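Remember, the numbering used here sits 799 above the position in the sequence shown when you count from 1. For every residue, glycine included, the Cβ atom is placed at its ideal position computed from N, Cα and C. Just so you know, these numbers come straight off a predicted model, no measurement behind them.
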Amino acid sequence: MAPLIYLLGELISSLAWTQPDYHYLSNFISDLGVPIITRAIDSPLYYVMNTGFVLYGILFILAIYLLKGLFTKHNNFIFSLASIEGLGIILVGFFPGYQWWGAVFHGIGATMAIVGGNVFLILIGKFIAQQARSKKFTYFSYLLGAIGLLSFIICLLITSMTEYAATFERLSVYTIMLWDFVLAGYLIRKIS
Numbered sequence: 800m801a802p803l804i805y806l807l808g809e810l811i812s813s814l815a816w817t818q819p820d821y822h823y824l825s826n827f828i829s830d831l832g833v834p835i836i837t838r839a840i841d842s843p844l845y846y847v848m849n850t851g852f853v854l855y856g857i858l859f860i861l862a863i864y865l866l867k868g869l870f871t872k873h874n875n876f877i878f879s880l881a882s883i884e885g886l887g888i889i890l891v892g893f894f895p896g897y898q899w900w901g902a903v904f905h906g907i908g909a910t911m912a913i914v915g916g917n918v919f920l921i922l923i924g925k926f927i928a929q930q931a932r933s934k935k936f937t938y939f940s941y942l943l944g945a946i947g948l949l950s951f952i953i954c955l956l957i958t959s960m961t962e963y964a965a966t967f968e969r970l971s972v973y974t975i976m977l978w979d980f981v982l983a984g985y986l987i988r989k990i991s
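In structure tokens form, the structure reads like this:
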């Protein structure tokens, strides 16, 4: 549910942009939450994206809390890591990232969400492996976390060199969303 809310918020907010159009390859995700009229980055439905950020963070933390019984040996550590990601994305929603109001908190939140989320994927893969639950899901978690971290590093390195740095930012976030969807499918299959 959490990644669906997030992605729908992103889609709805992006479709509202008309002058100029929003482009997934060259506009950063955070652009969708900036409500600055008469600026190139002016998201008409900024509140939809910011609500999506906050709801995703709350639901992600809640979901991991409810699932922490699956990771009996490392409950508190796993929940703490998940909370870093969740609280980070909540900060992004509350501090949209324009320069004169909360940009520092936006940057801190984005880093917590992206780095924290992808490190969470790698470490959760390790814990799944230790409990011998699913080798495929373990490797999948490792792979997504590594791709997400590498994408974020590339984004940071090329931000001033190309308009397509946003593509790598988006990839570093979508690894986490994909993991969420796959985990949901895995759990639904286990329950049925």
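Environment of residue i [buried if 16+ CB atoms lie within 10 Å]
| i | result |
| --- | --- |
| E884 | buried |
| P895 | buried |
| L982 | buried |
| G856 | buried |
| L831 | buried |
Check whether residue i and residue j have beta carbons under 8 Å apart
| i | j | result |
| --- | --- | --- |
| G915 | F852 | no |
| G887 | G908 | yes |
| S971 | I889 | no |
| I863 | F876 | no |
| R969 | I828 | yes |
| I957 | S940 | no |
| A965 | N874 | no |
| L844 | I811 | yes |
| T850 | G901 | no |
Own chain, CB closer than 8 Å to residue i, minus 5 neighbours either side, in chain order
| i | result |
| --- | --- |
| Y846 | P834 |
| Y985 | S933 and F936 |
| G924 | F936, T937, Y938, F939, S940, Y941 and G944 |
Straight-line gap, residue i to residue j (C-alpha atoms, nearest Å)
| i | j | result |
| --- | --- | --- |
| D979 | Y823 | 21 Å |
| P817 | G944 | Residue identity differs from the one stated: residue 817 is Thr in this sequence, not Pro. Answer to the nearest angstrom: the Cα atoms are 34 Å apart. |
| I921 | L880 | 11 Å |
| L854 | T961 | 31 Å |
| F919 | Y821 | 30 Å |
| A801 | I946 | 21 Å |
| S991 | S950 | 35 Å |
Same chain, Cβ closer than 7 Å to residue i, five either side skipped, listed in chain order
| i | result |
| --- | --- |
| I953 | F967 |
| K867 | N874, I877 and F878 |
| L977 | L943 |
Contacting residues, own chain, Cβ-Cβ under 6 Å from residue i (five flanking each side not counted)
| i | result |
| --- | --- |
| M911 | I883 and G887 |
| I975 | G916 |
| A815 | P843 and L844 |
| L948 | N917 |
Counterpart residues of residue i in DSSP-defined beta bridges
| i | result |
| --- | --- |
| P834 | D841 |
Residue i Cβ short of 7 Å to the ligand GDP heavy atom set
| i | result |
| --- | --- |
| I811 | This structure lacks the ligand GDP, and indeed carries no ligand of any kind. |
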